[in-house]
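*Asks:* Listed in order, the protein sequences are those of chains A and B.
Position 103 (the first sequence) corresponds to 833 in the numbering used here; numbering is contiguous.
Position 58 (the second sequence) corresponds to 788 in the numbering used here; numbering is contiguous.
We put the CB at the ideal spot given by N, CA and C, even for glycine.
Number of protein chains: 2
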Amino acid sequence: MSVSAKKDKRRRSPRRPVTIHDVAARAGVSTATVSRTLAAPSLVSEEARSRVLEAIRITGYTPNMAARNLRARRSMMVLVVVPNIANAFFAEVLRGIDDELVAHGYGIIIGNLDNLTEREARYVDLVFAGQVDGALLLSGHVPAGNGRLMSEAGLPIATICMEIPGALFPSVMVDDQKSSRQVAEYLVSLGHRTFGYVSGPKGNRNDLGRREGFAAALADAGFDPARISYWQGDFMVESGVQAAHEFLASPRRPTAVYAASDSMAISFMKTVMEAGVRVPDDVSVVGFDGIEFSEFVTPTLTTIQQPRNEIGRTGARILIEALTSGNWPQSVRLEAPLIIRNSTAPPRALGKARRAG
Amino acid sequence: MSVSAKKDKRRRSPRRPVTIHDVAARAGVSTATVSRTLAAPSLVSEEARSRVLEAIRITGYTPNMAARNLRARRSMMVLVVVPNIANAFFAEVLRGIDDELVAHGYGIIIGNLDNLTEREARYVDLVFAGQVDGALLLSGHVPAGNGRLMSEAGLPIATICMEIPGALFPSVMVDDQKSSRQVAEYLVSLGHRTFGYVSGPKGNRNDLGRREGFAAALADAGFDPARISYWQGDFMVESGVQAAHEFLASPRRPTAVYAASDSMAISFMKTVMEAGVRVPDDVSVVGFDGIEFSEFVTPTLTTIQQPRNEIGRTGARILIEALTSGNWPQSVRLEAPLIIRNSTAPPRALGKARRAG
DNA sequence: CTGAAAGCGCTAACAA
DNA sequence: TTGTTAGCGCTTTCAG
């Protein structure tokens, strides 16, 4: 790390920011008229309005938000709580959220948990402090801290990608179980008989749904779910590598592996391939999420395609509805279809002659 | 007198949030003492302090931020302006920023430009409205709107990943030119003589630096920079695909292609491979950024490794320093080394017998 | 249609 | 050490 010297000389303009009084004075009206010109122009005469607007233009006035928030009791800000901001899956969801929120005049405060429970308290406080008008939870559960739940603040909350059991918030998500069943059925139809599952973090509800849907469909197809190999993961890339090592060390490798996230599926795939295992010849791999890179890895990844942008948009829309209408919108379920690509195939024993490997 | 007209209210009353007055009344002190207990406990007697804390505990009081911000003239919020929140490169940078900011008690307001200039105005207003104490710019230029620059608001700004020409903000970035020279020198040392470059968005300063460093080093090595093939990109995945199609259609394909981002390098690589071009045998590919997936694609990607997390952390630290000390910190340059992986090799003509292709 | 005036909840002089 | 007293800048009755 090198440091490039820079001049320290800089004048911080102590210039007092222009307030509504400055504008009012310049336009020769009261502050009330200025306020109305901005909030309800129709209540102001053509004459006064144009004088005010001119004064605003000249002074470069921008209403102070803290004052406005204090008085109006709303902040036009939404808190978006995300488990891990570096997770590839959330990027596009966030973009959808942002699109919709910005279009409706709301700003976004990011609440990154970084997978750490202790980070929650801060955002609970933020909500109780009236810093935001509502919250969008992608975190799988209601943040808590200082002995209270975020939901107890009583402001609108919507959940994305997960439903909170017993909670009353509207939610937007895909059906993890249903999608996972598709995966299982597809794998079975290919002729696989031994299965592995790379899981999400312990207790994660999405992981639970995916795991259960997978196991249930396999059971329905006559396989003993107890014989599925489970490897503990956390949705992130590193844990896919870890799972791959366990797979490689396993005396009896399954021919089909389902990972609860694309990140894990991709790193799993790469790691076993480097060890000489062929995908899909030796092992078929299926992911979940449909992140951008899933179609640029080799082989391209068979996966469940979550409509990430739409999930974000819809979640934001639901929250905005709650914010503006006052009543709680209905939850939404989005389709997440299985996209078949090149990481899956019939097991080698069926497809080709056996060769030393 | 009877201060509490609504005494029989239940603990959870979202109707009227508890204020500093409630706490003061319950603790039998003035609001000033409550305020001091929170801001400067040492100025309050043991006795009063514990009564206040108890009252806070019982009532679940959380100071109203709008009021505090208005009075104290600071928001403990930082605006982070990012060109595109869905860009894989920024995810980890954001995480670094978040880590540092949260550790110092600041919150993050995300300003996603979505690559759209017209989105800037909103964030300029945010700054002028006093919504944030400072701004972190990853956007390559100073946001403008309504006829003014964000910088004119006079609050601390630091830039990340780019230096704004003529601007005086401290910045943290890697040396694009220097890193790009490494790429060129490496490619030349491998024996390549024909080169292609997949660019970033028009006018982007990082692209400029990378392009110039690349071309300059090639010129130094005796190659005519005018013969480099340039394909227009925008850092995103799709443009790598587009560039690949142009590469494939080219009558005289270069044997080495340098892409200004990993996202483009990865999609470029995949697309040409699907058309039967081998990487690195037929064409070597180098990326820039060192995103997580660059080591999980096939072949693994040779790239410039930006210290993404540290870039974010450092940028945040610089801004915090400006925020707290009042003077402007020095800019920082971080090393971004070339990581050689499997997407690069000597050109086929040198390495192997020539075959029809 | 417009202005005066009363705060929103909090902090910071200034007194006591 | 504590309380009193002004506002921070804005919106919003309530009169006019």
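1) For the structure I just gave you, are there three or more beta carbon pairs, one from the segment 1037 to 1052 of chain B and one from the segment 878 to 891 of chain B, closer than 8 Å?
2) If you follow the beta strand (DSSP E) that I1021 (chain B) is part of, which residue opens it and which one closes it?
3) In chain B, which residues lie with their C-beta within 8 Å of the C-beta of L856 (chain A)?
4) For V748 (chain B), does the count of other Cβ atoms within 10 angstroms reach 16, so buried, or fall short, so exposed?
5) Could you name the residues of chain A that A1066 (chain B) contacts, counting a contact when the two beta carbons are closer than 9 Å?
6) Could you work out which residues of chain A lie near N842 (chain B), taking near to mean beta carbons separated by less than 9 Å?
7) Go ahead and pull the three-state DSSP assignment for P1077 (chain A).
8) Return the CA-CA distance between V862 (chain A) and G826 (chain B), expressed in angstroms with no decimal places.
9) Using a beta-carbon distance below 8 Å, is L800 (chain A) in contact with chain B?
10) Count the other CB atoms, across all protein chains shown, that sit within 10 Å of the CB of P1037 (chain A); report buried if there are 16 or more and exposed otherwise.
11) Short check: CB of G1020 (chain B) to CB of D992 (chain B), under 8 Å?
12) Assuming contact is defined by CB atoms lying nearer than 8 Å, are L920 (chain B) and P1076 (chain B) in contact in what I supplied?
13) Could you spell out the range, first to last residue, of the alpha helix (DSSP H) harbouring V928 (chain B)?
14) Kindly provide the ranges of any beta strand (DSSP E) runs that are 3 or more residues long and lie completely inside the segment 792 to 826 of chain B, ordered along the chain.
15) Quick one: using the 10 Å Cβ neighbour count with 16 as the cut-off for buried, is I1070 (chain B) buried or exposed?
16) Which bits of chain A does I815 (chain B) rub up against, with CB to CB less than 7 Å?
17) Is there a Cβ of chain A sitting closer than 8 Å to that of S910 (chain B), yes or no?
18) With the cut-off set at 8 Å, would you say P793 (chain A) and I840 (chain A) are in Cβ contact?
19) Could you name the residues of the same chain whose beta carbon sits closer than 6 Å to that of N1072 (chain A), not counting the 5 residues immediately before and after it, in chain order?
20) Kindly provide the ranges of any beta strand (DSSP E) runs that are 3 or more residues long and lie completely inside the segment 857 to 891 of chain B, ordered along the chain.
21) What are the start and end residues of the alpha helix (DSSP H) that includes Q907 (chain B)?
22) With three or more C-beta pairs closer than 8 Å as the rule, is the segment 840 to 859 of chain A touching the segment 873 to 887 of chain A?
23) List, in chain order, every chain A residue whose beta-carbon is nearer than 8 Å to that of T1028 (chain B).
24) Does G952 (chain B) pass the burial test, meaning 16 or more other C-beta atoms within 10 Å, or should it be called exposed?
25) Could you confirm whether any beta carbon from chain B is found closer than 8 Å to the beta carbon of G790 (chain A)?
26) R849 (chain B) to N842 (chain B), Cα distance in whole Å?
27) Could you spell out where the alpha helix (DSSP H) holding T763 (chain A) opens and where it closes?
28) Do F1026 (chain A) and S1024 (chain B) have their C-beta atoms within less than 8 Å of each other?
29) What is the C-beta distance between T1074 (chain B) and P1010 (chain B), in whole angstroms, given that I count them as a contact (C-beta under 8 Å)?
30) Quick check: the Cα distance between S909 (chain B) and R941 (chain B), rounded to an integer number of angstroms?
31) Please check if any C-beta of chain B sits within less than 8 Å of the C-beta of E1022 (chain A).
32) On a Cα-Cα basis, can you pick out the residue from A:G870, A:G896, A:L868 and A:G864 that is closest to A883 (chain A)?
33) From the DSSP output, which residues share a beta bridge with G841 (chain B)?
34) Taking DSSP as the reference, what is the three-state secondary structure of R740 (chain B)?
35) Bridge partners of M903 (chain A), per DSSP?
36) For F965 (chain B), tell me which candidate among B:F819, B:R801 and B:T761 has the shortest Cα-Cα distance.
*Replies:* On the basis of the data shown:
1) Output reads yes: the segment 878 to 891 of chain B touches the segment 1037 to 1052 of chain B.
2) That residue, I1021 (chain B), is in no beta strand (DSSP E); it is neither H nor E in DSSP.
3) Under a criterion of Cβ atoms nearer than 8 Å, the residues of chain B adjacent to L856 (chain A) are, in order, M795 and G837.
4) V748 (chain B) comes out buried.
5) Going along chain A, no residue has its Cβ under 9 Å from A1066 (chain B), so there is no contact; the nearest lies around 11 Å.
6) L824, R825, D828, D829, V832 and I838
7) coil
8) 24 Å
9) Yes, L800 (chain A) counts as interfacial toward chain B.
10) Buried, because 16 or more other Cβ atoms sit within 10 Å of the Cβ of P1037 (chain A).
11) yes
12) yes
13) Run containing V928 (chain B): none in the alpha helix (DSSP H); it sits in the beta strand (DSSP E), F925 to V928.
14) 807 to 812
15) exposed
16) Within chain A, the residues near I815 (chain B) are A821, L824, R825 and D828.
17) no
18) no
19) P1029 and T1030
20) Counting only runs of 3 or more, we get 864 to 867 and 887 to 890.
21) D906 to L920
22) yes
23) K1000, M1003, V1027 and T1028
24) exposed
25) yes
26) When rounded, the distance between both Cα atoms is 8 Å.
27) T761 to A769
28) no
29) With a beta-carbon spacing of about 5 Å, T1074 (chain B) and P1010 (chain B) fall inside the 8 Å limit used to define contacts.
30) If you take the alpha carbons of S909 (chain B) and R941 (chain B), they lie about 11 Å apart.
31) yes
32) A:G864
33) B:V811
34) Since pLDDT at R740 (chain B) reaches only 28, below the 50 mark, its modelled position is unreliable, and the value read off the structure follows with that caveat. For R740 (chain B), the three-state secondary structure derived from DSSP is coil.
35) DSSP output for M903 (chain A) lists A:R1063 as bridge partner(s).
36) Measuring from the Cα of F965 (chain B), the nearest candidate turns out to be B:F819.
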